[in-house]
Amino acid sequence: MQNLFTRELITGEFCLDAGQTHATRLAPAARVKVSHGLVWLTLEQGGGDIWLHAGQEFELPGGGLAVFEAAGDCARFQVLGRPATGVAHLMRWFPHGLLRW
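Residues -14 to 86 (the working numbering) are what the sequence shown spells out, left to right.
Here it is in structure tokens:
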């Protein structure tokens, strides 16, 4: 079993082989979205284990250490930041420079 550990706040896409783990610190309101396989997620805060299948998404209520493991076969998942709201959300829908204040 390989263990990858980082103290950085990471977002992005991850692909773990069967039995491989990845530990990272997550920002508050981070989301995990699984696209392939089964992910076993253990959280430092809030306790307990969370099992996520392909197609499932989970929003972490608080930040802190999270340990991901590919259960069974390989797993592919994304760690996403907080969804954009307000002006940041609107800017996605308009060409650059269209909104002027």
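No residue lacks a Cβ here, since even glycine has one placed at the ideal position from N, Cα and C.
CA-to-CA distance, residue j to residue i, given in whole angstroms
i       : j     : result
Trp36   : Leu45 : 13 Å
Thr6    : Ala51 : 10 Å
Ala60   : Cys0  : 6 Å
Ala12   : Asp2  : 25 Å
Gly(-3) : Val17 : 10 Å
His38   : Phe62 : 10 Å
Identified DSSP bridge partners for residue i
i     : result
Gln63 : Glu(-2), Lys18
Gly47 : Looking at the DSSP assignment, Gly47 forms no beta bridge with any residue, so it has no partner.
Asp58 : Answer is none; Asp58 lacks a bridge partner.
Glu29 : DSSP lists no partner for Glu29.
Selected residue, minimal CA-CA separation from residue i, among the options
i     : options               : result
Leu28 : Gly22, Gly(-3), Gly48 : Gly48
Asp58 : Ala51, Gly40, Val24   : Val24
Arg10 : Gln30, Phe43, Asp2    : Gln30
Contact under 9 Å by Cβ, residue i with residue j
i     : j     : result
Gly66 : Ala15 : yes
Gly33 : Ala56 : no
Glu54 : Gly4  : yes
Anticipated Cβ contact below 8 Å, residue i with residue j, distance rounded
i     : j     : result
Gly40 : Val64 : Actually they do not touch by this definition, with Cβ atoms about 16 Å apart.
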